[in-house]
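Just so we're aligned, residue 30 is where the sequence shown starts under my numbering, counting upward by one. Heads up, the beta-carbon is just placed ideally off N, CA and C, and yes, glycines get one too. No experiment lies behind these values; they were computed from the predicted model shown. Taking it in order: structure first as structure tokens, then the write-up.
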Amino acid sequence: QRRALSRLKDLPAVTTDGLRVALMANIELPSEIDAVLAAGAEGIGLFRTEFLYMNRHEWPNEDEQYAILRDVVCRMQGRPVTIRTLDAGGDKLDIPGTGGPATNPALGLRAVRFQLARPDVMEAQLAAILRAAAHGPVRILVPMISSVDEITQVRTALEKVYRRLKRNKVEVPAKLPPLGIMIEIPGAALSADALACEADFFAIGTNDLTQYTLAIDRGDEAVAHLFNPQHPAVLRLIHFTTGAAMRARIPVSVCGEMAGDPRVSALLIGFGIDQLSMSAASIPRVKQRIRRLAQSEAQSHTRQVMSEHDPHQIEKLIFGQSL
Ligand code: PEP
Ligand code: MG
Numbered sequence: 030q031r032r033a034l035s036r037l038k039d040l041p042a043v044t045t046d047g048l049r050v051a052l053m054a055n056i057e058l059p060s061e062i063d064a065v066l067a068a069g070a071e072g073i074g075l076f077r078t079e080f081l082y083m084n085r086h087e088w089p090n091e092d093e094q095y096a097i098l099r100d101v102v103c104r105m106q107g108r109p110v111t112i113r114t115l116d117a118g119g120d121k122l123d124i125p126g127t128g129g130p131a132t133n134p135a136l137g138l139r140a141v142r143f144q145l146a147r148p149d150v151m152e153a154q155l156a157a158i159l160r161a162a163a164h165g166p167v168r169i170l171v172p173m174i175s176s177v178d179e180i181t182q183v184r185t186a187l188e189k190v191y192r193r194l195k196r197n198k199v200e201v202p203a204k205l206p207p208l209g210i211m212i213e214i215p216g217a218a219l220s221a222d223a224l225a226c227e228a229d230f231f232a233i234g235t236n237d238l239t240q241y242t243l244a245i246d247r248g249d250e251a252v253a254h255l256f257n258p259q260h261p262a263v264l265r266l267i268h269f270t271t272g273a274a275m276r277a278r279i280p281v282s283v284c285g286e287m288a289g290d291p292r293v294s295a296l297l298i299g300f301g302i303d304q305l306s307m308s309a310a311s312i313p314r315v316k317q318r319i320r321r322l323a324q325s326e327a328q329s330h331t332r333q334v335m336s337e338h339d340p341h342q343i344e345k346l347i348f349g350q351s352l
């Protein structure tokens with residue numbers, strides 16, 4: 030079985046009726062790149078950058094971040110790298126000022142909210158990303174967007190940093206990299222049609238989307254049994270988001286844990302999603318599943334799931350006997 034999976038490495042993830050699906054990797058550390066390449070990932074769909082800020086007393090400066098990001102972009106040898114800007118707060122790292130014990134960190138000054146409150150920190154990271162983008166295809170991804178206003182503010186900052194780097198004759202790509210957003214807050218999913226006018230791409234984060242939709246703390250073991258990304262409410266938000274992205278003709282991927290479960294591949298493909306990002310270790314099994322699946326079959330499966338309202342029936346349809 031393992032040998033069969035490793036033989037898949039150089040084969041495309043394509044359905045039996047010819048739909049090409051891009052399988053990308055999620056990483057948290059540059060040391061994961063060897064595993065990413067060994068798994069045959071077509072790129073990095075989510076590069077979490079919190080490690081740059083962890084276990085230290087001062088903020089990392091632009092040059093330091095640039096050196097690390099450039100190294101990752103170069104090692105990916107022309108494959109796309111989606112770099113997510115700092116997602117501090119909540120279940121991520123505890124940075125002073127990003128939510129204390131008296132507040133709810135999951136709902137506090139985190140991610141893009143923190144970046145907009147600290148333009149110096151945000152601009153240093155954007156500058157480092159822009160410089161790394163001179164070495165290969167980079168996409169910039171902003172976490173925890175909840176309104177159109179936030180993406181326009183980040184874009185304004187990005188354009189300002191880009192102009193400054195060019196003026197100072199620092200090497201940057203000829204064009205601004207695509208600027209995309211995580212859809213991981215229910216309000217963002219419900220505003221996906223408006224957000225699609227401002228964002229260059231969507232990445233659906235099913236971990237947080239589930240947490241916020243069902244009000245289940247993703248780190249709390251006492252409610253872990255209730256954490257259900259296949260809940261009909263979450264699925265409706267994914268459905269609405271993909272529909273909005275397709276109408277606006279922008280790419281949409283799924284990069285939460287759900288994307289790495291081969292039992293859910295048919296459902297996601299049936300929504301029209303053709304980019305999935307997951308831990309490198311999950312890629313072979315998801316690829317195997319996709320290569321045995323027809324897009325038409327996936328679409329009717331998704332229609333059937335979406336016509337159900339009972340979470341138990343939905344689980345039966347998706348997981349069948351394997352549950
Ligand atoms: C998510 O929320 O689904 C996601 C992919 O991001 P993270 O797990 O880093 O919050
Ligand atoms: Mg998230």
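Return yes when at least one heavy atom of ligand 1 lies under 7 Å from the C-beta of C103, else no. no
Is Q30 buried or exposed, if buried means 16 or more other CB atoms sit within 10 Å of its CB? exposed
What separation, rounded to the nearest whole angstrom, lies between the Cα atoms of G216 and M173? 10 Å
Report the option in M53, T270, V283 whose CA atom is closest to the CA atom of P109. M53
If D290 sits next to L48, beta carbons under 8 Å apart, how far is it from one beta carbon to the other, in whole angstroms? About 19 Å; that fails the 8 Å criterion.
Can you give me the start and stop residues for the beta strand (DSSP E) that S306 sits inside? 304-307
Among residues of its own chain, excluding the 5 on either side of L81, which ones have a beta-carbon nearer than 6 Å to its beta-carbon? P89, Q94
F76 and I112 closer than 8 Å at C-beta: yes
For a quick check, are the C-beta atoms of T235 and V283 less than 8 Å apart? yes
Return the CA-CA distance between R434 and G272, expressed in angstroms with no decimal places. For the chain, the structure presents residues 30 to 352; residue 434 sits outside this window and is missing.
C-alpha distance - V102 paired with G69, whole-angstrom precision: 16 Å
Give the list of continuous alpha helix (DSSP H) stretches no shorter than 4 residues that lie fully inside the stretch 110-182. 140-146, 148-161
Are the stretch 319-326 and the stretch 341-349 in contact at 8 Å, needing three or more beta carbon pairs? no
In DSSP terms, what S325 is bridged to: Looking at the DSSP assignment, S325 forms no beta bridge with any residue, so it has no partner.
Any chance you could list the residues with Cβ under 5 Å from a heavy atom of ligand 2, keeping chain order? E213, G234, D237
Cβ shell of I212 (< 6 Å), same chain only, five flanking positions each side left out: A218, F231, I233, T270
Where does A228 sit, in a helix, a strand or coil, going by DSSP? coil
Locate the alpha helix (DSSP H) running through G299, then write down its first and last residues. 294-299
Taking only the alpha-carbon atoms, compute the straight-line gap between E179 and L34 and give it to the nearest angstrom. 42 Å
Are there 16 or more other CB atoms within 10 angstroms of the CB of I343, so buried, or fewer, so exposed? buried
So, with DSSP's three-state summary, where would you put R192? helix
Confirm the yes/no value for this check: CB of L122, any heavy atom of ligand 1, distance under 7 Å. no
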